[in-house]
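Have a look at the structure below before the remarks.
In this note's numbering, the protein residues as written are 4 to 119.
Right, dumping it as C-alpha cells:
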C-alpha cells in the first residue's frame, strides 16, 4: 500500500515535469510588439507642430519600451530652445514691469524708498 502511494507521487511528478517542459517548448516567445511597418519619419512634422505651438499634434513612433528616443529627444531639445528664448524675454519684461511698479510706488510716497 505504501509503495503504491510513492509510485503514484513519482508518476504525477514526472507527468507534471513533462507537461511543464512541453509548455515551455511549444509556448510562443515572440516579440511583445513588432516594429512599425516601414520607416516613419515624424521629426519634421513634430518640429513644425512645436514651432506653431500645437503640442497636441506631436506624435512619436511606438517601440517596445515606449517611444523612439531620438524623436522624443528632438522635440524636447526644440521645446527647451523655445523656452530659453521666450523665457529670457519674459524675464526681461517682468523685470521692467517690477521696476516700473517700484518707481510708481516711490513717486506716490513722495520720494521715500527710492531705488538705488
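Every residue, glycine too, gets a C-beta built ideally from N, C-alpha and C.
Just so you know, these numbers come straight off a predicted model, no measurement behind them.
- Query: How is residue 52 classed by DSSP in three states: helix, strand or coil?
  - Reply: Helix at residue 52.
- Query: Over what stretch of residues does the alpha helix (DSSP H) that includes residue 13 continue unbroken?
  - Reply: 5-29 is the span of the alpha helix (DSSP H), which, as asked, contains residue 13.
- Message: Once DSSP output is grouped into helix, strand and coil, what is the label at residue 102?
- Response: Look at residue 102 here: in three-state DSSP terms it is helix.
- Query: Just how far apart, CA to CA, sit residue 67 and residue 105?
  - Reply: Across the structure, residue 67 and residue 105 are spaced so that their CA atoms are roughly 56 angstroms apart.
- Considering only the beta carbon of each residue, do residue 78 and residue 49 sit closer than 7 angstroms? The answer is yes: Cβ separation under 7 angstroms.
- Query: Do you know offhand how far residue 69's Cα is from residue 89's?
  - Reply: Rounded to the nearest whole angstrom, the C-alpha separation of residue 69 and residue 89 is 30 angstroms.
- Report buried or exposed for residue 72, applying the criterion of at least 16 other Cβ atoms within 10 angstroms of its Cβ. When all chains shown are included, residue 72 counts as exposed.
- As assigned by DSSP and simplified to three states, the class of residue 45: Residue state, collapsed to three classes: coil.
- With burial defined as no fewer than 16 other Cβ atoms inside 10 Å of the residue's Cβ, what is the status of residue 84: buried or exposed? Exposed, by the Cβ-count rule.
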